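Peer 1:
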Amino acid sequence: MSTPRTFRIAAVPADGVGKEVVAAGRAVLDALAEGSRGSADAFAFDWEEFPWGCGYYERTGEMIDAGGLERLKDFDAIYFGAVGWPTVPDHISLWGLRLKICQTFDQWANVRPMQFLPGVQSPLRKADDTHLDWVVIRENSEGEYAGLGGRNFSGRGQGSEVAVQSALFTEVGCERIMRFAFDLARTRDRRKVSSVTKSNAQQYGMVLWDDVFKRVSADYPDVETESVLVDAMSAKFVLQPEDLSVVVASNLNADILSDLGSALSGSLGLAASANLNPERRFPSMFEPVHGSAPDIAGQGLANPIGAVGSGALMLDHFGLPEQAARLRKAIETTTAAGILTRDVGGSASTEEVTKALIDALSS
Ligand code: GGG
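The sequence shown: position 99 = 82 (my numbering), numbered continuously.
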């Protein structure tokens, strides 16, 4: 019998429903690995779970401990839940954990696929032939989330405080994310990249983005292109979903568009994502697009499909596309059977959907 290829994964459930969906995702991924036992491409996961997040912050004053980032370097990947809790200001929790990990490990490409699933109603699914199969590529290291700016507290409390928030766009940063998007488009049925900016109103960084997009496009004559302003793209998501394939956008624009896109596919709870360090110098991080959802946390209502789909992206990253396909098939079997959580119109619990996913793996 061959020794399974073992992947060391750091699980960071963090906050709210992150805890429930990471537990669900781990159970499904372990079942998949168990099913590979004895085969020539057997694999296994060696998990270590970390307690970082808002609860940790309340106890220690830090979202992650001092040596935490150094420890994460030893893992093959990070499997993340969601960050944020009402008792901690959002900018502290986000910068203290999720953005810190993305930036430390140069996870500059955030991949967010979204598509219709069988049995899931979508606000867009008016006719059976309506098609939605997109990948939003989010620039994940700079742009509006570069953390540049400051507050002049001198007028604080007097109604005259001033704050500046700058966005950083570098030619290298723009070019690498665009080449990533074009290379991905070449692997898809529809070879098209739509670039999104607001370059009519933001005349520096976003015009640089547009210029780089034009230059990079010339190297991909086989790929159809368009440049669309973010406001018009929001309308296009709703009105012409079948006209999109790969959408590349800056950190903030893609963050907003991918929430819109996943809601249009049926629910934010369905969307998976990968924060990739494409050079593989550092671990990449896989997480559902959704946040910690304090309103439903701890009630067994969270949809685990976004987290499980993120596991499929992790398997792709490890060079196991057949295993990733098995996981995606199990998701389709489960939703087609109508085993759905409340966000997608069902009444199944997180646990029931998780069990159905595991059962589907062996059917
Ligand atoms: N699992 C994704 C997550 O925790 N998102 C929380 C959030 O506020 N994210 C902002 C961002 O994606 O930059």
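Cβ coordinates follow ideal geometry from the N, Cα and C atoms, glycine included.
Computed from a predicted structure; not experimentally measured.
Going by DSSP, what residue range makes up the beta strand (DSSP E) through E122?
Peer 2: Here the beta strand (DSSP E) through E122 covers D116 to E122.
Peer 1: Going by beta-carbon coordinates alone, are N260 and N93 separated by less than 7 angstroms?
Peer 2: Not in contact: N260 and N93 (Cβ atoms no closer than 7 angstroms).
Peer 1: Spatial neighbours of M189 within its chain, please: C-beta separation below 8 angstroms, excluding the five flanking residues on both sides.
Peer 2: Once the five neighbours on either side are set aside, the close Cβ partners of M189 are F152, T180, K181, S182 and S233.
Peer 1: Give the C-beta separation of V211 and M161 to the nearest angstrom, bearing in mind that I take them to be a contact with Cβ-Cβ under 8 angstroms.
Peer 2: At roughly 14 angstroms, the Cβ-Cβ gap does not stay under 8 angstroms, so V211 and M161 are not in contact.
Peer 1: Taking only runs that begin and end inside the region 166 to 230, name each unbroken beta strand (DSSP E) of 3 or more residues, in chain order.
Peer 2: The qualifying runs are 175 to 180 and 207 to 212.
Peer 1: Locate the alpha helix (DSSP H) running through P304, then write down its first and last residues.
Peer 2: First-last of the alpha helix (DSSP H) with P304: P304 to A319.
Peer 1: Can you look up N90 in the DSSP assignment and give me helix, strand or coil?
Peer 2: According to the sequence as given, residue 90 is Gln; it is not Asn. Correct three-state label for Q90: coil.
Peer 1: Among the candidates V206, S200 and D57, whose CA atom is the shortest distance from the CA of C157?
Peer 2: That would be S200, whose Cα lies nearest to the Cα of C157.
Peer 1: Straight-line CA distance for T333 to S137?
Peer 2: Taking the straight line from one Cα to the other gives about 49 angstroms.
Peer 1: Would the beta-carbon of M97 fall within 7 angstroms of that of A254?
Peer 2: Yes, they are a contact pair.
Peer 1: Buried or exposed: which applies to D326, given that a residue is buried once 16 or more other Cβ atoms fall within 10 Å of its Cβ?
Peer 2: Per the 10 Å Cβ criterion, buried.
Peer 1: Within a Cβ cutoff of 6 angstroms, which residues of the same chain sit near G249, ignoring the five residues on either side of it in sequence?
Peer 2: Cβ neighbours of G249 beyond the five flanking positions: V103, S105 and V327.
Peer 1: Comparing the CB of G244 with every heavy atom of the ligand GGG, is any distance shorter than 6 angstroms?
Peer 2: False, no ligand heavy atom lies under 6 angstroms from that Cβ.
Peer 1: Should E125 be listed as close to the ligand GGG, given that the test is whether its C-beta is under 6 angstroms from any heavy atom?
Peer 2: No - the ligand GGG has no heavy atom lying nearer than 6 angstroms to the Cβ of E125.
Peer 1: With 16 other CB atoms within 10 Å as the buried threshold, where does I84 fall?
Peer 2: With 16 or more Cβ atoms within 10 Å of its Cβ, I84 is classed as buried.
Peer 1: Tell me which residue opens and which closes the beta strand (DSSP E) that S29 is part of.
Peer 2: One detail in the question is off: residue 29 reads as Asp in this sequence, not Ser. F26 to E32 is the extent of the beta strand (DSSP E) around D29.
Peer 1: Are I61 and M268 close, meaning C-beta to C-beta below 7 angstroms?
Peer 2: Yes.
Peer 1: Can at least three beta-carbon pairs, one atom from the region 287 to 304 and one from the region 114 to 126, be found at a separation below 8 angstroms?
Peer 2: They do not touch, by the three-pair rule.
Peer 1: Which whole-angstrom value is the C-beta distance of S293 and G8, which I expect to be below 8 angstroms?
Peer 2: 7 angstroms between Cβ atoms; contact.
Peer 1: Taking contact to mean 3 or more Cβ pairs, one atom from each stretch, closer than 8 angstroms, check whether the region 74 to 81 and the region 33 to 47 are in contact.
Peer 2: The region 74 to 81, when compared against the region 33 to 47, does touch it at the 8 angstroms Cβ threshold.
Peer 1: Cutting at 8 angstroms between CB atoms, please list the residues of its own chain near G133, excluding the five before and the five after it.
Peer 2: So the qualifying residues of the chain are A146 and V147.
Peer 1: Is A65 near the ligand GGG, in the sense that its beta carbon is under 6 angstroms from a heavy atom of that ligand?
Peer 2: Within the cutoff, so yes.
Peer 1: Could you name each continuous alpha helix (DSSP H) segment of 4 residues or more that falls completely within the region 45 to 99, going from the start of the chain to the end?
Peer 2: Counting only runs of 4 or more, we get 51 to 55, 73 to 76 and 82 to 87.
Peer 1: Assuming A25 and I341 make a contact with CB atoms under 8 angstroms, what is their CB distance in whole Å?
Peer 2: Actually they are not in contact, since the Cβ atoms of A25 and I341 sit about 18 angstroms apart, beyond 8 angstroms.
Peer 1: If we count the other Cβ atoms within 10 Å of its Cβ and call it buried at 16 or more, is G51 buried or exposed?
Peer 2: By the neighbour-count rule (16 or more Cβ atoms within 10 Å), G51 is buried.
Peer 1: Suppose the cutoff is 6 angstroms on Cβ atoms and the five residues either side in sequence are ignored; what does the same chain contact list for S178 look like?
Peer 2: Counting only Cβ-Cβ distances below 6 angstroms, and skipping sequence neighbours, we find F196, S210 and V231.
Peer 1: Enumerate in chain order the residues of its own chain whose CB-to-CB distance from N236 is below 6 angstroms, with the five nearest sequence positions on each side excluded.
Peer 2: Closer than 6 angstroms at the Cβ level, and outside the excluded window around N236, lie V179 and V213.
Peer 1: Among all the DSSP beta bridges, which residues are the ones paired with P271?
Peer 2: Answer is A255, bridged to P271.
Peer 1: Bridge partners of T(-11), per DSSP?
Peer 2: In DSSP, T(-11) forms a bridge with A27.
Peer 1: Count the CB pairs spanning the region 19 to 38 and the region 64 to 74 that are closer than 8 angstroms, and state whether there are at least three.
Peer 2: Result yes; three or more Cβ-Cβ pairs closer than 8 angstroms.
Peer 1: What's the C-alpha gap between L115 and G140?
Peer 2: Their backbone Cα atoms lie some 48 angstroms apart in a straight line.
Peer 1: Buried or exposed: where does A343 fall if 16 or more other Cβ atoms within 10 Å of its Cβ makes it buried?
Peer 2: So A343 counts as buried.
Peer 1: Are the CB atoms of F265 and F58 within a distance shorter than 7 angstroms?
Peer 2: No. Outside cutoff.
Peer 1: Shorter than 6 angstroms, the distance from the beta carbon of T270 to the closest heavy atom of the ligand GGG, or not?
Peer 2: Note that residue 270 is Glu in the sequence shown here, rather than Thr. Within the cutoff, so yes.
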